[in-house]
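Heads up: the structure comes next, in structure tokens.
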Amino acid sequence: MPIYVQGFLIGIAFVAPIGLQNIFLFNNALAERRGKALLIAIFVWIFDALLSLAGFFGMGAIISANFYVKAAIMGIGSLLVLYIGYTILRSALVQRRAMQMNGDDLATKPKLIQRALPAAIWMAFVVTWANPQAIVDVSMMLGASRATLADDQAVEFILGVLTASATWFMTITTLVSVFKEKIGQRVNYWINLVSAVIVMIYAISLFVKFINLW
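By this note's numbering, the letter at position 66 of the sequence shown is numbered 74, and the numbering carries on one by one without gaps.
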């Protein structure tokens, strides 16, 4: 199998599962006009690419070798992930109030929280770099992959990884943006509520791991 294709498939395996980035992109595409949603998706990709490059070129070894670095990532990251869950829950509560005022008509356009571009870019950074488990997993797996490649193969491999994440982020944002008019208040409310619960449970599990480090 070509090295580029291997990198592409591994990249898809990293970004395809439900996670903070996908939840953020989904809600962002629902709330924003398509142009802005795609722009924010580009920033998510940039931050994700930086994380992948850092992991590929040795960040995992630094984390593994330093207990306090790993502990700081897990502790601070769990709190930031909890904050992300809170922002999603807040959006769900806004939608619930709108449903109570307008009725839970599925055809009614959802009332969503929009962010100024700087705030959206900040959240794009947070959902990528404040996810401690992702930092550890990506760093270790990509670092291990780098160790198996010759120097002339490394660039081809990491280009496959970066292309995969760009393809995934742009595709999911475009699809949600195109079909968002078919999603009513009640459907979007439950999407956000379930997403908030998932993220908050994940944050608690990360904090438990942080406690267990000691």
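Don't be surprised by glycine CBs; every beta carbon is placed ideally from N, CA and C. Remember, predicted model here, so these are calculated numbers, not experimental data.
### Query
From what residue to what residue does the alpha helix (DSSP H) around N36 run?
L28 to A39
### R154 - containing alpha helix (DSSP H), residue span
P140 to A155
#### Entry: Distance, W130 Cα to F51 Cα
9 angstroms
### Message
Is any non-hydrogen atom of the ligand FMN found closer than 6 angstroms to the C-beta of F187, if you look at the structure I gave you?
### Response
Of the ligands one can find in the structure shown there are none, so the ligand FMN has no counterpart to examine.
### Task
Return yes when the Cβ of A79 is within less than 7 angstroms of the Cβ of L214, no when it is not.
no
### Q108 classed as buried or exposed, judged by whether at least 16 other C-beta atoms fall within 10 angstroms
exposed
### Query
Secondary structure at F65, three-state DSSP: helix, strand or coil?
coil
### Task
Quick one: residues in its chain with C-beta nearer than 6 angstroms to the C-beta of P263, no 5 flanking neighbours on either side, listed in chain order?
What is shown of the chain runs 9 to 222, which leaves residue 263 out entirely.
### Query
Are the beta-carbon atoms belonging to G63 and G151 less than 7 angstroms from one another?
yes
### Query
Buried or exposed: where does L87 fall if 16 or more other Cβ atoms within 10 Å of its Cβ makes it buried?
exposed
### Cβ neighbour criterion (16 or more within 10 Å) applied to D56
buried
### Message
Suppose only complete runs of 4+ residues qualify. What are the alpha helix (DSSP H) ranges in the segment 155-199, listed by chain order?
### Response
159-187
### Query
For the alpha helix (DSSP H) that contains A132, what are its first and last residues?
L125 to W137
### Task
Determine, using beta carbons only, whether F133 and A49 come nearer to each other than 7 angstroms.
no
### Query
So, using beta-carbon positions, are T156 and L59 closer together than 7 angstroms?
no
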